[in-house]
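The block underneath contains the structure these notes are about, expressed in structure tokens.
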Amino acid sequence: MEQITWSDFEKVELRAGTVLEVLAFPEANKPAYKLRVDFGPLGIKTSSAQITAIYQPEELLGRQIVGVVNFPKKQIGKFFSEFLVTGFEDETGAIVLTTVERPVPNGSRLK
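In this text, residue positions in the sequence shown follow this note's numbering: the first is 37, and each later residue adds one.
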């Protein structure tokens, strides 16, 4: 594993945000949702997430997740992803979302 410096880590903007909307993304190469997430003072941002294997749209609404918000926009077909949804692979390869243990203000930065 490559080691990084503290200043490398400080460049990554990991922020908490609340899921406002979950839409189907049938144009994606792999099953995915389009998410709209409120990052408080950073605004509402969109992203796609390949999390359909274990999450239904209704259980994602209102959930706080963790995203990397300082990547450049990435175009996926006609859709622009404005942040990276974070998660871990489970034993089947499905993505389990990174969440916060209890509510924090939207836009809070991981320390």
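All C-beta atoms in this analysis are idealised placements derived from N, C-alpha and C, irrespective of residue type, glycine included. These numbers were taken from a predicted model, which means no experiment stands behind them.
query: Own chain partners of Val58 with C-beta closer than 7 Å, once the 5 adjacent residues on each side are dropped; result: Tyr69, Leu71, Pro93, Leu96 and Leu97
query: Per-residue burial, Val105 [other beta carbons within 10 Å of its own, 16 or more giving buried]; result: buried
query: Exposure label - Phe116; buried when at least 16 CB within 10 Å; result: exposed
query: Thr88 versus Glu127 - alpha carbon distance; result: 16 Å
query: Alpha-carbon to alpha-carbon, Met37 and Phe75; result: 31 Å
query: CB of Val102 within 7 Å of CB of Thr82, strictly; result: no
query: is_contact[Phe115, chain B] using C-beta, thresh 7 Å; result: This model lacks chain B altogether, as it is built from one protein chain only.
query: Length of the line joining the Cα atoms of Val48 and Phe124; result: 17 Å
query: Terminal residues of the beta strand (DSSP E) in which Glu38 lies; result: Glu38 -> no beta strand (DSSP E), and no H or E assigned at all.
query: Presumed contact (8 Å Cβ cut-off) between Leu50 and Ile80, rounded CB distance; result: 18 Å between Cβ atoms; not a contact.
query: Ile131 versus Lys66: straight-line alpha-carbon distance, rounded; result: 13 Å
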